[in-house]
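Numbering (the working numbering), first residue to last: 1350 to 1446.
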């Protein structure tokens, strides 16, 4: 299940890390139950740079199956400098065994 988006105060991100981790773990479990190889999943994460030179506090973390993105967590800052988390899943209809 994809969690609803939520906002936490800056500095409290560690308190919700279990939700982010659980989202990715659940996605891997769901897809391995459908026959995908657990060893072909990989995580990537990095800061977002909007103008090519200035790194921001915004972060994109995503789960790959082979070379396909299957889940994403986007962490952005609100106008009040709080951390907003948005969760997304991507289908794998064309690569399921």
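Idealized CB from N, CA, C, for every residue including glycine.
What number of angstroms, rounded off, separates the C-alpha of residue i from the C-alpha of residue j?
i: residue 1357; j: residue 1370; result: 16 Å
i: residue 1432; j: residue 1412; result: 20 Å
i: residue 1437; j: residue 1422; result: 6 Å
i: residue 1408; j: residue 1435; result: 11 Å
i: residue 1403; j: residue 1361; result: 24 Å
Assign residue i to one of two classes, buried (16 or more other C-beta atoms within 10 Å of its C-beta) or exposed (fewer than that).
i: residue 1343; result: Outside the displayed span of the chain (1350 to 1446) sits residue 1343, for which this structure offers no information.
i: residue 1419; result: buried
i: residue 1389; result: exposed
i: residue 1399; result: exposed
i: residue 1424; result: buried
Given residue i, which residues of its chain have a CB within under 8 Å of its CB, disregarding the five upstream and five downstream residues?
i: residue 1354; result: 1433, 1434, 1435 and 1436
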